[in-house]
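Asker: Numbering (the numbering used here), first residue to last: 3 to 150.
The structure's right below; bear with me while I get my questions together.
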């Protein structure tokens with residue numbers, strides 16, 4: 003699915019080439035994931051089999067901003083989207099790219115008949131919180147985790 007936003011074109015990373023365009027952002031965000039192309043692709047493809055989606059904005063042949071997300075369904079919320087990661091390459095920050103992606107994802111969620119989009123912050127800073135609230139996100143729940 004491609005959609006034109008007011009800023010850029012957002013596209014799903016379906017081909018190996020498209021997934022690899024996103025590698026630099028994901029490897030910066032998660033240094034523990036494989037850096038070698040083949041192993042990186044294997045990791046993303048495994049997630050995609052489990053329902054993971056990756057969408058991105060391309061600039062100069064590489065991803066400038068991306069979102070990793072899953073469409074899910076449960077008894078509490080019905081159909082929903084859960085954002086695994088939302089990240090922009092440092093040189094493209096403060097250009098409205100993440101906002102364009104959230105706008106695209108909102109439209110995508112509506113086409114999938116989702117009732118909610120969830121965005122977790124691992125470390126919430128005030129700028130990120132203010133940005134999320136400006137985009138319409140409201141505090142909704144508290145998540146607890148056990149690290150194994």
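By construction, the Cβ of each residue, glycine as well, lies at the ideal position given by its N, Cα and C atoms.
1. By Cβ distance below 8 Å, which residues in the same chain neighbour residue 22 in space, the five residues on each side in sequence not counted?
2. What separation, rounded to the nearest whole angstrom, lies between the Cα atoms of residue 5 and residue 130?
3. With DSSP as the reference, identify every bridge partner of residue 120, one or two as the case may be.
4. Check residue 205 in the structure and name its three-state DSSP category.
5. Which word fits residue 55, buried or exposed, when buried means at least 16 other C-beta atoms lie within 10 angstroms of its C-beta?
6. Between residue 50 and residue 24, what straight-line distance do the alpha-carbon atoms span, to the nearest angstrom?
7. Compare the Cα-Cα distances from residue 119 to each of 75, 47, 91 and report the closest residue.
Answerer: According to the structure shown:
1. Taken in chain order, the residues that qualify are 39, 42, 43.
2. Residue placement at residue 5 is flagged as unreliable, the pLDDT there being 44, under the threshold of 50; a coordinate-derived value is accordingly withheld.
3. 84
4. Since the displayed the chain opens at 3 and closes at 150, residue 205 lies outside it and no answer follows.
5. buried
6. Taking the straight line from one Cα to the other gives about 14 Å.
7. If we check each option's Cα against that of residue 119, 75 comes out closest.
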